[in-house]
Amino acid sequence: MQLEQLDLHLSYWSLYLRLNLPAVAPPGECRSNLDLYHALAERMGFEEPALHASAEQIIQELITTPSPYLANVTWERLIAEPAVRLAVPGRPHVPFVDGRFPTPSGKLEIWCASLAEAGKDPLPDWVPERESPEASPALFVRYPIKLLTPKEQHFLGSSFANLRSFRRMAGEPTVEMHAADAAARGIADADLVELFNDRGSCRLRARLADTVPTGVAVSEVVHWQKLGPGRRNVNWTTPDYLTDLGDNSTYHTNLVQIRRCDHDGALDE
Numbered sequence: 001m002q003l004e005q006l007d008l009h010l011s012y013w014s015l016y017l018r019l020n021l022p023a024v025a026p027p028g029e030c031r032s033n034l035d036l037y038h039a040l041a042e043r044m045g046f047e048e049p050a051l052h053a054s055a056e057q058i059i060q061e062l063i064t065t066p067s068p069y070l071a072n073v074t075w076e077r078l079i080a081e082p083a084v085r086l087a088v089p090g091r092p093h094v095p096f097v098d099g100r101f102p103t104p105s106g107k108l109e110i111w112c113a114s115l116a117e118a119g120k121d122p123l124p125d126w127v128p129e130r131e132s133p134e135a136s137p138a139l140f141v142r143y144p145i146k147l148l149t150p151k152e153q154h155f156l157g158s159s160f161a162n163l164r165s166f167r168r169m170a171g172e173p174t175v176e177m178h179a180a181d182a183a184a185r186g187i188a189d190a191d192l193v194e195l196f197n198d199r200g201s202c203r204l205r206a207r208l209a210d211t212v213p214t215g216v217a218v219s220e221v222v223h224w225q226k227l228g229p230g231r232r233n234v235n236w237t238t239p240d241y242l243t244d245l246g247d248n249s250t251y252h253t254n255l256v257q258i259r260r261c262d263h264d265g266a267l268d269e
């Protein structure tokens, strides 16, 4: 855990670096991600120095990276101070207050030369999602519900989703859907339903919500699959293709169908 390891933090939208000093030793056989990577590198015979660097060596290398923002940051300051401000101008700092941007032209570029060089469309445009009525009408007929999977606020990704106290606050895995979509499928509030497509399926508890538009379902993630109904979660339905820009995951490009379960099985504890 965070209290057990040396680390360097830069939180979202923050202008300060913080050194995380371990407060306690890891209990039992617990080890950090870095320790695990070291062990894997050793077992696999990799001898590159970077794969065996300590946390302090990695942090020292990071803070000596050539950057004007790190001019004020030293190991000694990180040890001595609770937080060290990056060398950014102004208090408060207002990004792009001079009207210049980190682009070749120095302007906010609508037509982007770097995208053109990469073979991408240099202008903003709308492209239908791979799974949508426009791009895949035959698939949409079979799976007419767009499944969105935002983060569950009580978990950190899938971390802590195994702890009873956090699971109790989060509640059981659910899917929110509009009452009209539910009525068309004979689904009532609190029914156990199955979400499915060609990739797989999972069972969730239905929650009717007028905040969800028709044709859309919302299930907060990530509940551990072994703790859910049927030992599955929504990851069984999500695709593995990548975005057209940035090669990121396309979790929300996910068409499904929903049906009411005939037998309401007990949820695993």
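Counting in the numbering used here, the final residue of the sequence shown is number 269, and the numbers go up one at a time with none missing. Backbone N, C-alpha and C define an ideal beta-carbon position, used for all residues, glycine too.
Between 176, 246, 33, 56, which lies nearest to residue 189 when the distance is taken from Cα to Cα?
Of 176, 246, 33, 56, the residue nearest in Cα terms is 176.
Starting from residue 194, follow the beta strand (DSSP E) in both directions and report where the run begins and ends.
Its beta strand (DSSP E) spans residues 192 to 196.
6 Å CB neighbourhood of residue 130 in its chain, flanking five on each side removed:
Answer for residue 130: 253, listed in chain order.
Alpha helix (DSSP H) runs wholly inside the segment 47 to 128, at least 4 long, in chain order
55 to 63, 75 to 80, 113 to 117
Quick check: the Cα distance between residue 11 and residue 82, rounded to an integer number of angstroms?
14 Å
With respect to the beta strand (DSSP E) encompassing residue 259, which residues constitute its N-terminal and C-terminal limits?
255 to 260
Restricting to Cα atoms, I'd like to know which of 196, 214, 200, 220 is closest to residue 258.
Among 196, 214, 200, 220, the Cα nearest to that of residue 258 belongs to 196.
What's the C-alpha gap between residue 235 and residue 69?
39 Å
Go through its chain and collect everything with a Cβ distance to residue 174's Cβ below 8 Å, but skip five positions before and after it.
204, 205, 206, 207, 219, 220
So what's residue 222 in DSSP terms, helix, strand or just coil?
coil
Determine the direct distance from the alpha carbon of residue 228 to that of residue 192, and round the result to whole angstroms.
12 Å
Which listed residue (19, 2, 15) has its alpha carbon closest to that of residue 9
19
Spatially closest choice to residue 54 from 26, 30, 7, by CA coordinates
The option with the nearest alpha carbon to residue 54 is 7.
Report the rounded CA-to-CA distance for residue 256 versus residue 247, giving the unit in angstroms.
23 Å
Distance between beta carbons of residue 237 and residue 199, contact taken as under 8 Å
Indeed, because the Cβ distance is near 6 Å, the residues count as touching under 8 Å.
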